[in-house]
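> There's a structure below that I have some questions on.
In our numbering, the protein residues as written are 1046 to 1594.
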């Protein structure tokens, strides 16, 4: 089975996954909110088969399903309908068709942990104790003093339990009170949610990003979570006051993931990637949850917030690569709709350097819309926040509006995103940071991303080459090779704010973070502050060279 699936899954090993937050990508009707037709209108930017396009071959859309939008689509009332703010099913079908014409796969966001409390399932569940769907959600009576059943916390602040006055019981919500957790120990819930996957696979999608997978299965006995001894009151997110050992991450999750993979296995090329902010040992468990490792992988978020130094990045990547089985396909995420943008966290020079690293490591790079032009967060005053997380837990910088602002297409007043009033403010530097301004600038973010994405498509070293960490004797530089029988590439990344030189094999400069880079000469590589270079050492005759070593 693995060999058969491996043949089907070649697209995963050749693609860059581009994450679109639909509300913010392109508005087609002037209501200020991005939509499906807007995505269709911008498909040529993503891939029109020319070197002028970005060159991505897969897109993942954040939720587009029918929703009251309390959490902007992650509170779903119908998993098999498109929310009118984004369009309709005919537009979605056209999006899939047009994407496929351009060689672009479409992945959807699957939100299995919870539904909106306005979902018909929950409305039935809360009618009375004996309702057929009561057990579809997690209901428990209060303690004798009327308090919640246990001490579990909501990610979005406060208790994870909400009292239902009508029935006198609490229901569980790991996120907002408007997002009631489904009971995945109920076989009917599992059956209906697996059918959701089938529904969208039949409509031509190529896979799913599974939201909040680690929250899916809870401790059957609902035991209290233990306190976190490292928690700093007033400094840390209140959710971190507990270690979530019982409210998430249960061993039974592996079986549920295996069920997902069985459904995906019915499709010729489907793929599942799961959201879980976990370290390497837990990631490996998630890789191995599916018997066929070609079908599923967890997102790797461990580069977000990492200490800035070459040894820190090298150490993590070496350990991650060393832990993977041969059939496990790595991925690297530098930002998303829940985390501050890369440029805002690190600055432009460092962000560009990490972009080069991400696009040259083994595995699937995952790009959040706008990273390819160096978009940064837009400051949103607290009293103007729309995001429920920031509103419910003020003072900790948890609001996600800043990283969700509209894509910047040009220097016009509304950045080419809309003709109406944008749902979030346009980034203040849009006059210089936009697609039109960067597309012909050889020193821009966009030029580097576009160059490397297209080079990946024809580079055997980047597509199939093994990763080999190098020790160049300079702790300011992270350098590694990508090696296969047809090509050897040397990637050199200067993590310091000072120029660096080190001895290395001569070769052809393929790409640099700096347009006027100095090519390797006399067995030396010259790097300016925060410069990265991709150098082709050998091609075609590489197998003979390797044979001499």
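All residues carry an ideal CB built from backbone N, CA and C; glycine is no exception.
Quick check on the burial criterion: 16 or more other C-beta atoms within 10 angstroms. Buried or exposed for residue 1438?
It counts as buried.
> To the nearest angstrom, report how far apart residue 1050 and residue 1374 are at their CA atoms.
The pLDDT assigned to residue 1050 is 49, lower than 50, so where the model puts this residue is not dependable; a value taken from the coordinates is nonetheless given after this. Going from the Cα of residue 1050 to the Cα of residue 1374 covers about 13 Å.
> Hey, could you find the ends of the alpha helix (DSSP H) residue 1355 is sitting in?
Start and end: 1355-1368.
> Rounded to the nearest angstrom, what separates residue 1421 and residue 1415 at their Cα positions?
Cα-Cα distance, rounded: 8 Å.
> Buried or exposed: which applies to residue 1245, given that a residue is buried once 16 or more other Cβ atoms fall within 10 Å of its Cβ?
Under this definition residue 1245 is a buried residue.
> Mark residue 1532 as exposed unless 16 or more other C-beta atoms lie within 10 angstroms of its C-beta, in which case mark it buried.
Counting Cβ neighbours within 10 Å, residue 1532 comes out buried, since at least 16 surround it.
> Assign residue 1166 to one of two classes, buried (16 or more other C-beta atoms within 10 Å of its C-beta) or exposed (fewer than that).
That one is buried.
> Let me know the secondary structure DSSP gives residue 1235 once reduced to three states.
Helix.
> So, is residue 1576 buried or exposed, given that buried needs 16 or more other C-beta atoms within 10 angstroms?
So residue 1576 counts as buried.
> Does residue 1531 come out as helix, strand or coil in the three-state DSSP assignment?
If DSSP states are grouped into helix, strand and coil, residue 1531 belongs with coil.
> Among the candidates 1205, 1225 and 1440, whose CA atom is the shortest distance from the CA of residue 1287?
Nearest C-alpha to residue 1287: 1205.
> For residue 1206, report the span of its beta strand (DSSP E) as first-last.
Taken as a continuous stretch (DSSP letters only), the beta strand (DSSP E) holding residue 1206 covers 1206-1209.
> Please return the same chain residues whose Cβ sits closer than 6 Å to the Cβ of residue 1143, not counting the five positions on each side in sequence.
Hits under 6 Å: 1085 and 1088.
> Going by C-alpha to C-alpha distance, which of 1221, 1235 and 1196 sits closest to residue 1269?
Among 1221, 1235 and 1196, the Cα nearest to that of residue 1269 is on 1196.
> If you measure between the beta carbons of residue 1552 and residue 1580, is that distance less than 8 Å?
In contact: residue 1552 and residue 1580 (Cβ atoms closer than 8 Å).
> Could you give the first and the last residue of the continuous beta strand (DSSP E) run that contains residue 1482?
Counting along the chain, residue 1482 falls outside any beta strand (DSSP E), though it belongs to the alpha helix (DSSP H) covering 1480-1483.
> Judging by CA-CA distance, which residue of 1417, 1419, 1440 and 1081 is the nearest neighbour of residue 1427?
If we check each option's Cα against that of residue 1427, 1440 comes out closest.
> Can you confirm whether residue 1284, when its beta carbon is compared against all beta carbons of chain D, has any partner nearer than 8 Å?
Of the protein chains in the structure, only one exists, and it is not chain D.
> Below 8 Å, can you find three or more Cβ-Cβ pairs linking the segment 1457-1469 to the segment 1506-1516?
These segments do not touch.
> Taking the beta strand (DSSP E) that residue 1151 falls in, what are its first and last residues?
It spans 1150-1155 - the beta strand (DSSP E) in which residue 1151 sits, taken as one unbroken run.
> Is it right to say residue 1417 is buried, meaning 16 or more other beta carbons lie within 10 angstroms of its own, or is it exposed?
Buried: at least 16 other Cβ atoms inside 10 Å.
> Can you give, in chain order, each stretch of the alpha helix (DSSP H) that sits fully within the segment 1364-1420 and has at least 4 residues?
Counting only runs of 4 or more, we get 1387-1391 and 1393-1405.
> Identify whether residue 1131 lies in helix, strand or coil by the three-state DSSP scheme.
Residue 1131: coil per DSSP, three-state reduction.
> Going residue by residue through the segment 1548-1584, where are the continuous beta strand (DSSP E) segments of at least 3 residues, counting only ones entirely within it?
Within the segment 1548-1584, the complete beta strand (DSSP E) runs of at least 3 residues are 1553-1557, 1569-1572 and 1577-1584.
> Roughly how far, in whole angstroms, is the beta-carbon of residue 1368 from the beta-carbon of residue 1425, given that I think they are within contact range, below 8 Å?
That pair is no contact at about 39 Å.
> When the Cα of residue 1265 is compared with those of 1230, 1372, 1505 and 1253, which residue comes out closest?
Checked all of 1230, 1372, 1505 and 1253; the closest Cα to residue 1265 is 1230.
> Sort out for me which residues DSSP pairs residue 1224 with in a bridge.
DSSP, once it has assigned bridges, lists 1161 as partnering residue 1224.
> Cα-Cα, which of 1252, 1171 and 1534 is closest to residue 1216?
Closest by alpha carbon: 1171.
> Mapping DSSP to helix, strand and coil, what is residue 1488?
Coil at residue 1488, not helix or strand.
> Please name the residue in 1254, 1330, 1360 and 1559 whose C-alpha comes closest to that of residue 1393.
Residue 1393 has its Cα closest to that of 1559, out of 1254, 1330, 1360 and 1559.
> So, are the CB atoms of residue 1572 and residue 1522 less than 8 Å apart?
Result yes, Cβ atoms of residue 1572 and residue 1522 sit closer than 8 Å.
> Use the C-beta contact count for residue 1334: other C-beta atoms within 10 angstroms, 16 or more gives buried, fewer gives exposed.
By the 10 Å Cβ count, residue 1334 comes out buried.
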